[in-house]
Amino acid sequence: MPLDANWVSRTSVYIVRHGQTEENKQKIIQGQLDTILNSEGERQADLVAKTLKDIPFDVCYSSDLQRAADTAKRILSHHPGVELQTHIAVRERYMGDLQGHVWEKGVGHIVKNGERKEIQEPESPQSVKERAMKWWNETIVGTTASYVLIVSHGAWIRLLVQGLLEDRSIHAGHRVTVGRCLNTGVSVVKIPRERGRGQLLQYGNIAHLREMDVDVAEENGDESGISQDSEPRRC
Numbered sequence: 051m052p053l054d055a056n057w058v059s060r061t062s063v064y065i066v067r068h069g070q071t072e073e074n075k076q077k078i079i080q081g082q083l084d085t086i087l088n089s090e091g092e093r094q095a096d097l098v099a100k101t102l103k104d105i106p107f108d109v110c111y112s113s114d115l116q117r118a119a120d121t122a123k124r125i126l127s128h129h130p131g132v133e134l135q136t137h138i139a140v141r142e143r144y145m146g147d148l149q150g151h152v153w154e155k156g157v158g159h160i161v162k163n164g165e166r167k168e169i170q171e172p173e174s175p176q177s178v179k180e181r182a183m184k185w186w187n188e189t190i191v192g193t194t195a196s197y198v199l200i201v202s203h204g205a206w207i208r209l210l211v212q213g214l215l216e217d218r219s220i221h222a223g224h225r226v227t228v229g230r231c232l233n234t235g236v237s238v239v240k241i242p243r244e245r246g247r248g249q250l251l252q253y254g255n256i257a258h259l260r261e262m263d264v265d266v267a268e269e270n271g272d273e274s275g276i277s278q279d280s281e282p283r284r285c
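Per my numbering: the sequence shown ends with 285, consecutive numbering throughout.
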């Protein structure tokens with residue numbers, strides 16, 4: 051029985067969260083602050099780079115924030131022919147006046163003596179989802195590349211994948227669920243180059259860290275307020 055040509059001509063998209071920053075470790079909300087990898091984050095980035103070294107990437111897109119771009123550069127050190135392309139649309143969720151604060155102190159900074167101060171509001175999860183989906187549809191859908199690397203941030207990745215599941219652009223593979231994406235977590239989406247639904251093969255995989263007994267920051271303030279409603283459909 052011949053293979054469906056639409057199945058054969060598919061693009062594999064690897065979506066990686068950046069390595070750990072000192073702000074991750076201290077549970078500080080980063081949003082679009084331009085923070086850098088700490089020594090543990092550099093180690094995490096080198097480990098995920100080693101894990102992905104044999105994937106023949108054709109193209110790489112990254113957030114322009116340093117923590118993501120530096121993670122991408124470490125991955126691309128194994129792929130010298132691939133150019134790093136940074137995009138503002140791949141940035142993390144903007145967290146307004148909460149940026150630079152731990153969650154509890156950030157809320158206290160906004161509400162003082164029972165009165166709410168005039169503040170820069172965080173970008174809503176729906177707004178981030180729409181931004182991520184617009185970029186995906188303009189940049190990834192219809193690509194002729196066989197292997198694509200995207201390096202971004204926890205909330206952005208989670209909301210993008212939720213959006214793709216909600217509009218049925220993709221469906222989740224067996225036992226694949228969507229939740230918090232930890233530092234250097236690897237998600238893989240396979241999409242057709244012409245028509246049809248793609249598939250989420252894995253989400254936030256950090257086996258490369260678990261195998262080396264690397265500490266991982268479990269919390270991410272930038273994901274605060276993101277609904278758990280968007281569960282992967284098993285179809």
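By construction, the Cβ of each residue, glycine as well, lies at the ideal position given by its N, Cα and C atoms.
For clarity, every value in this text was computed on a predicted model and none was experimentally measured.
Give me, in chain order, the residues of the same chain whose beta-carbon lies closer than 7 Å to that of residue i; leave out the 5 immediate sequence neighbours on both sides.
| i | result |
| --- | --- |
| residue 211 | 228, 237, 250, 253 |
| residue 163 | Reliability fails at residue 163, whose pLDDT of 49 lies under 50, so the model's placement of it is uncertain and the value that follows must be treated cautiously. Cβ within range, chain order: n/a, list empty. |
| residue 266 | 232, 233, 256, 259 |
| residue 182 | 206, 209, 210, 213 |
Between the alpha carbons of residue i and residue j, how many angstroms are there, rounded?
| i | j | result |
| --- | --- | --- |
| residue 194 | residue 151 | 42 Å |
| residue 68 | residue 226 | 21 Å |
| residue 255 | residue 235 | 5 Å |
| residue 104 | residue 264 | 22 Å |
| residue 143 | residue 117 | 14 Å |
| residue 89 | residue 178 | 29 Å |
| residue 204 | residue 185 | 16 Å |
Considering only residues of the same chain and omitting the five flanking positions on each side of residue i, which have a CB-CB separation below 8 Å?
| i | result |
| --- | --- |
| residue 132 | 107, 108, 109, 110, 126, 199 |
By alpha-carbon positions, which one of the options ends up nearest to residue i?
| i | options | result |
| --- | --- | --- |
| residue 273 | 246, 218, 206, 221 | 206 |
| residue 75 | 66, 87, 257 | 87 |
| residue 208 | 61, 66, 72 | 66 |
| residue 216 | 190, 176, 224, 191 | 176 |
| residue 99 | 129, 223, 222, 139 | 129 |
| residue 102 | 197, 243, 191, 146 | 197 |
| residue 135 | 145, 147, 120, 83 | 120 |
| residue 171 | 185, 147, 181, 239 | 147 |
CB-CB under 6 Å to residue i, same chain, minus the five flanking residues each way: which ones, in chain order?
| i | result |
| --- | --- |
| residue 241 | 61, 248 |
| residue 268 | none |
| residue 187 | none |
With respect to 8 Å, is the separation between the Cβ of residue i and the closest non-hydrogen atom of the ligand NAD below this value?
| i | result |
| --- | --- |
| residue 204 | Within the structure as shown, the ligand NAD is missing, as the structure has no ligands at all. |
Kindly give me the distance between the Cβ atoms of residue i and residue j, rounded to whole angstroms, as I take these residues to be in contact under 8 Å.
| i | j | result |
| --- | --- | --- |
| residue 81 | residue 149 | 4 Å |
*Count the CB pairs spanning the segment 95-107 and the segment 116-131 that are closer than 8 Å, and state whether there are at least three.*
yes
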